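**Q** Dropping a structure here in structure tokens format, bear with me for questions.
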Ligand SMILES: C[S@@+](CC[C@H](N)C(=O)[O-])C[C@H]1O[C@@H](n2cnc3c(N)ncnc32)[C@H](O)[C@@H]1O
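Set out below in structure tokens:
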């Protein structure tokens, strides 16, 4: 790696909203990417309990980023998450109101119905994490790609997950060679795609690491950094739980 970069996630990131999700392996990268991009508009397709979405929102708030975020989801579930009840939406809605009021909005609807609310070339960071069949991921990409700003980023979760009828891996295998991309293989996998165009003269060091330096070293350094960063975050959380769970020491008499 040639570019110098100190990821903000290792300096000061402690997730405010922890819920069970396989997105757990990508929290430091999600936080760092939002901090690097400083997006004026961020959209997530598929929010469920909000692990990825609130990581993005936390980065927006803690780094004083002047932008808006939208979480699109029916908040009813699909065949992979199974149907879930209203308590999921209520918890996400409460957390959103409590912490991100004024810049983060939940759009409770189908992705297809949300499309008309966004202009072409307007979204700087799009996260595609809805239904994970090959057909669904391909359709989400085809429908939403025009909405992404030239030079903008699209994230795809689960590009390494080979279970049930998941097909994001197949979509990613076909797509990654045709675009500027970077792939995190750990966890269930996270694909990062950059739309052509935009002004790249002032690219943030993280973008240089993803799309320039990675051409030289195949991205091995960056990839292993985020494997360790997510393990470190998990261990820190475990340690905190353990120490907080221990009975208070009695003062010596
Ligand atoms: C894998 S979960 C999202 C996980 C989440 N990003 C996280 O960090 O844990 C997928 C979500 O997408 C939603 N979903 C799937 N297809 C959808 C569609 N066509 N329109 C709206 N929501 C959809 C489901 O309701 C579900 O909550």
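Residue numbers (UniProt numbering): 1 to 253.
Backbone N, C-alpha and C fix where the C-beta goes; we use that ideal spot for every residue, glycine too.
Note that the structure is a prediction, hence the values are computed from the model and not measured.
1) Do residue 159 and ligand 1 come close, with the Cβ less than 7 Å from some heavy atom?
2) When the distance is taken between beta carbons, is residue 133 closer than 8 Å to residue 264?
3) Classify residue 84 as helix, strand or coil using the three-state DSSP reduction.
4) Excluding sequence positions up to five away, which residues of its chain have a Cβ less than 8 Å from the Cβ of residue 78?
5) Please report the distance separating the alpha-carbon of residue 64 from that of residue 118.
6) I'd like the ranges of any alpha helix (DSSP H) spanning at least 4 consecutive residues and lying wholly in the segment 57 to 128.
7) Residue 200: buried (16+ other C-beta within 10 angstroms of its C-beta) or exposed?
8) Looking at residue 229 and residue 9, is the spacing between their C-beta atoms short of 8 Å?
9) Apply the 10 Å Cβ neighbour rule to residue 46 and answer buried if 16 or more other Cβ atoms are within range, or exposed otherwise.
10) Would you please state the rounded distance, in angstroms, between the beta carbons of residue 69 and residue 42? I believe it to be under 8 Å.
11) Reducing DSSP to helix, strand and coil, say where residue 191 ends up.
12) Between the C-alpha atoms of residue 27 and residue 51, what's the straight-line distance to the nearest angstrom?
13) To test your reading of the DSSP string, which unbroken alpha helix (DSSP H) runs of 4 or more residues are found completely within the segment 8 to 52?
14) Is the beta carbon of residue 133 within less than 7 Å of some heavy atom of ligand 1?
15) Going by the beta-carbon positions, is the gap between residue 19 and residue 59 smaller than 8 Å?
16) With DSSP collapsed to three states, give me the class of residue 182.
17) Nearer than 7 Å: is that true of the beta carbon of residue 189 relative to any heavy atom of ligand 1?
18) Since I believe residue 167 is in contact with residue 124 (beta carbons under 8 Å), could you give me their beta-carbon distance rounded to a whole number of angstroms?
19) Using C-beta distances below 8 Å, list every residue in its chain close to residue 226, excluding the 5 sequence neighbours before and after it, in chain order.
**A** Inspection of the coordinates gives the following:
1) For this step, residue 159 is matched to residue 159 along the chain shown. Incorrect: residue 159 has no Cβ contact closer than 7 Å to ligand 1.
2) The first residue shown for the chain is 1 and the last is 253, placing residue 264 beyond what the model contains.
3) For the purposes of this step, residue 84 is taken as the residue at position 84 of the chain shown. In this structure, residue 84 counts as coil in the three-state DSSP scheme.
4) Against the chain shown, residue 78 aligns to sequence position 78. Result list for residue 78: 130, 131, in chain order.
5) By 1-based counting over the chain shown, the position of residue 64 is 64. By 1-based counting over the chain shown, the position of residue 118 is 118. Rounded to the nearest angstrom, the two C-alpha atoms are 24 Å apart.
6) 86 to 100, 111 to 114
7) As a first step, residue 200 must be located in the chain shown, where it is residue number 200. Label assigned to residue 200: exposed.
8) Sequence index remark: in the chain shown, residue 9 carries index 9 (1-based). Sequence index remark: in the chain shown, residue 229 carries index 229 (1-based). Yes, the Cβ-Cβ distance between residue 9 and residue 229 is below 8 Å.
9) For the purposes of this step, residue 46 is taken as the residue at position 46 of the chain shown. When all chains shown are included, residue 46 counts as buried.
10) Taking the chain shown and counting its residues from 1, one reaches residue 69 at position 69. Taking the chain shown and counting its residues from 1, one reaches residue 42 at position 42. At roughly 4 Å, the Cβ-Cβ gap stays under 8 Å, so residue 69 and residue 42 are in contact.
11) For the purposes of this step, residue 191 is taken as the residue at position 191 of the chain shown. Strand, per DSSP.
12) Within the chain shown, the letter at position 27 stands for residue 27. Within the chain shown, the letter at position 51 stands for residue 51. If you take the alpha carbons of residue 27 and residue 51, they lie about 8 Å apart.
13) 8 to 12, 27 to 37
14) Position 133 of the chain shown holds residue 133. The answer is no for residue 133.
15) In the chain shown, residue 19 corresponds to position 19, counting from 1. In the chain shown, residue 59 corresponds to position 59, counting from 1. Taking 8 Å as the Cβ cut-off, residue 19 and residue 59 do not qualify as a contacting pair.
16) As a working mapping, residue 182 is identified with position 182 in the chain shown. Here residue 182 sits in strand by DSSP.
17) Stepping through the chain shown from its first residue, residue 189 is reached at position 189. Residue 189 Cβ: outside cutoff for every heavy atom of ligand 1.
18) As a working note, residue 124 is residue 124 in the chain shown. As a working note, residue 167 is residue 167 in the chain shown. Rounded, the Cβ-Cβ distance is 27 Å, inconsistent with contact.
19) Against the chain shown, residue 226 aligns to sequence position 226. Taken in chain order, the residues that qualify are 26, 28, 29, 184, 186.
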